[in-house]
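Just so we're on the same page, the numbering used here is the position in the sequence shown counted from 1, plus 1075.
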Amino acid sequence: MQGLSKKWRSKNRMIAGISVLLTSLILFGIFYFIFYFDRLIPYSDSLIKIEKQENGYLSAHYYGDNYFSISATEPMSVIVDGQEKKAVFLHYTKTFATAHSKQFFQNEGSRDEKDFIFSLDDEQEIDVVYYADFDAIKIFNQGNKWEPVLEHAQLIWEK
1076 MQGLSKKWRS KNRMIAGISV LLTSLILFGI FYFIFYFDRL IPYSDSLIKI
1126 EKQENGYLSA HYYGDNYFSI SATEPMSVIV DGQEKKAVFL HYTKTFATAH
1176 SKQFFQNEGS RDEKDFIFSL DDEQEIDVVY YADFDAIKIF NQGNKWEPVL
1226 EHAQLIWEK
């Protein structure tokens, strides 16, 4: 009888341990999805504008509610319609949390515009700015070829 009782307790502990582990994994997955799984914010003329600052630099100004991150490249030479131009590629992303956080955490009128302006580079160094979905690390590792990105990029500013 004692052997059966020990075996029963051992199985219960194993089931409890597996349950705790699975619950932890599920909660981690939900947390990751809410706070770190980012999606591209589609480009819109009214949402993102390229503006010239007083110091001669260009900046990307985001007019949406909120965003998770911005990815932008340094000016680089690319061939556009047979001409070499210095291009900057950029895009904004959002997560589930950033898409809905304004409703929970921000009061009306509490937007600090400087948090939504991203400086690019001197206007003299940039010929065109494109909005595109890209993974810069992957592109650099594959030979730094930006032409495939140009095929799906949207021109948002040109000198």
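Even glycine gets a Cβ: it sits at the ideal position worked out from N, Cα and C.
The DSSP-derived three-state label of T1168 is strand.
By the Cβ rule, the stretch 1101-1111 does not count as touching the stretch 1151-1158, because fewer than three pairs are nearer than 8 angstroms.
Judged by pairs of C-beta atoms under 8 angstroms, the stretch 1116-1128 touches the stretch 1222-1234, as three or more such pairs exist.
Of the other Cβ atoms in all chains shown, fewer than 16 fall within 10 Å of the Cβ of H1227; this residue is therefore exposed. Counting only runs of at least 3 residues, the stretch 1077-1125 fully encloses no beta strand (DSSP E) element at all. Between D1190 and L1133 the beta-carbon gap is near 18 angstroms, outside 8 angstroms, which marks them as no contact. DSSP, reduced to helix, strand and coil, places Q1217 outside both helices and strands of the structure shown, so it counts as coil. Residue range 1229-1233 is occupied by the beta strand (DSSP E) that includes E1233.
Under the three-state reduction of DSSP output, D1190 falls in the helix class.
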